[in-house]
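Numbering (the working numbering), first residue to last: 14 to 246.
Just so you know, even glycine gets a beta-carbon here, dropped at the ideal spot from N, CA and C.
In this text, all values refer to a predicted model and were calculated from it rather than measured experimentally.
Below you'll find the structure, written out as structure tokens, and then a few comments.
As structure tokens, this is what we get:
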């Protein structure tokens, strides 16, 4: 979506008149990229799938607006969303009732959260999960994809606490992707342990079993428990 190309000129007429108070040139460019996506999204197989497209798109818009208006000026960000929403509503009225078109509507309320970056990371992980696991299992000699999976543990820890203490603030997708928690899903655990053994030599893992367990992280504990079950250590 971020790509600059000549086809953005196709949206000059719609975007040159965008109604904002500040940073109009930047907003015109954002508008063109958004309309290009809207114009071509019908050909995307994912747009009709369960990938929470509207949320991911709105997080993309929000991220761009924060960059344009310097993070904290929520009033201007709200105006930016409203301006894009107006353009969405008039861009192609013949498609306004189609489900994919509605999914792509700008909606400030969907992403107006203090912890929006953590929520976005959870959504991104949900979308990318199957690809990450497949790549980690088959094409990960340098542990790049394994580490991406592992890094999301902190996101799950955050939402585990939030959703237990304040369910009203819990994102809807949290329940949908509980099974993707690297620490809790047995299938993921087995995959991760196998990857750990590929990513790290077996000898250091075996030596960890001689250390007090409280000094090990969850990943190391799982690896040792798995190896103990197989009578490797």
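Segment contact: the segment 98 to 113 against the segment 150 to 163, fewer than three CB-CB distances shorter than 8 angstroms; contact not assigned.
By a beta-carbon distance limit of 8 angstroms, residue 44 contacts residue 97. Their separation comes to about 6 angstroms. About 6 angstroms separates the Cβ atoms of residue 41 and residue 29, confirming a contact at the 8 angstroms cut-off. In the DSSP assignment, residue 112 falls within the unbroken alpha helix (DSSP H) covering 112 to 116. The Cβ atoms of residue 90 and residue 82 lie closer than 8 angstroms to each other. By the Cβ-count criterion, residue 138 is buried, with 16 or more other Cβ atoms from all chains shown falling within 10 Å of its own Cβ. Straight through space, the alpha carbons of residue 26 and residue 188 are spaced by roughly 43 angstroms. Just so you know, the alpha carbons of residue 159 and residue 35 end up roughly 43 angstroms apart. Taking the C-beta atoms as reference points, residue 195 is found no nearer than 8 angstroms to residue 151.
Rounded to the nearest whole angstrom, the CA to CA distance from residue 113 to residue 124 is 19 angstroms.
Within the model, the alpha-carbon separation for residue 117 versus residue 70 is close to 7 angstroms. Cβ contact annotation for residue 161 (same chain, cutoff 7 angstroms, sequence separation greater than five): 145, in chain order.
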